[in-house]
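>
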Amino acid sequence: MSDIESFGRKLGDFAHGLLAGQDGEGGVTNELRNEETLRALYQKFNDNDLDGASALLTDDYEGVDVPSGEVVRGPAGWKQRQAANRIPLPDARTTIQSLVVKGDFAVAEVVNEGTHTAPFPLPGGGEHPPTGKRIRGLSCELYEFRDGRIAKGTLYYDFLTVATQLGLKF
2 MSDIESFGRK LGDFAHGLLA GQDGEGGVTN ELRNEETLRA LYQKFNDNDL DGASALLTDD
62 YEGVDVPSGE VVRGPAGWKQ RQAANRIPLP DARTTIQSLV VKGDFAVAEV VNEGTHTAPF
122 PLPGGGEHPP TGKRIRGLSC ELYEFRDGRI AKGTLYYDFL TVATQLGLKF
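First residue of the sequence shown? That's 2 in my numbering, and the numbers climb one at a time after it.
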């Protein structure tokens with residue numbers, strides 16, 4: 002990282018801290034803590050540390066996958082779903098495009114990417130054979146926090162773009 006990039010990052014962190022404010026005890030606000038938790042969740046997913054990621058969820062976590070209608074419960078349910086998601090795309094990565102945190106709520110626009118190297122499960126059953134293609138899809142994810150941990154996640158994503166990249170015909 003160049004000196005200019007380093008300075009820019011430090012300046013941005015400083016400004017973010019000023020805008021976010023501090024709580025009465027000199028610690029970070031709930032919003033800053035929640036942002037750090039969500040960023041840690043994505044990083045742990047990218048590192049394939051599903052145990053570490055699931056530890057950031059409340060025991061009664063609820064995850065709603067809007068396009069598929071699937072609902073997962075608890076850290077174990079989240080971990081099982083993410084492990085299944087990684088099978089067809091073992092190098093899966095999520096990159097935050099934009100993130101807004103207000104109180105105990107967050108909205109993240111993310112890019113999900115990976116290489117399709119194993120059968121891809123299809124909605125309604127069946128599988129699509131590996132293509133070796135790089136898949137890239139966008140999603141909007143809504144989160145609710147409780148005591149610095151993620152209590153609920155609602156995911157909206159563009160499956161049509163992913164299906165087209167897989168070569169699925171409609």
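Built from N, CA and C at the ideal position, the CB exists for glycine as well.
These numbers come from a predicted model, not from an experiment.
1) Cutting at 7 Å between CB atoms, please list the residues of its own chain near Pro120, excluding the five before and the five after it.
2) Would you tell me roughly how many angstroms separate the C-alpha atoms of Lys45 and Leu51, rounded to the nearest one?
3) If you count every other CB in all the chains shown that lies within 10 Å of the CB of Tyr157, and 16 or more means buried, which is it?
4) So the beta strand (DSSP E) Ser99 belongs to, where does it begin and stop?
5) Would the stretch 102-121 and the stretch 141-149 be scored as touching if the rule is three or more Cβ pairs under 8 Å?
6) Can you tell me which of the three DSSP states Val73 falls into?
7) Can you tell me whether Val72 is buried or exposed, with buried defined as 16 or more other CB within 10 angstroms of its CB?
8) Going by DSSP, name the residue or residues bridged to Gly154.
9) Quick check: what's the CA-CA separation for Asn49 versus Leu123?
10) With 16 as the cutoff for other CB atoms within 10 Å, does Ala54 come out buried or exposed?
11) Between the stretch 35-45 and the stretch 62-78, do at least 3 Cβ pairs fall closer than 8 Å?
12) Going by other Cβ atoms of all chains shown within 10 Å of its Cβ, with 16 needed for buried, is Val163 buried or exposed?
13) Return the residue from the list Thr165, Leu39, Leu169 that minimises the CA-CA distance to Ser99.
14) Starting from Gly53, trace the alpha helix (DSSP H) both ways and give me its first and last residue.
15) Put Phe106 into one of helix, strand or coil per three-state DSSP.
In short:
1) Pro89, Glu128, His129, Pro130, Pro131
2) 7 Å
3) exposed
4) 94-103
5) yes
6) strand
7) exposed
8) Gly64, Tyr144
9) 23 Å
10) buried
11) no
12) buried
13) Leu39
14) 51-55
15) strand
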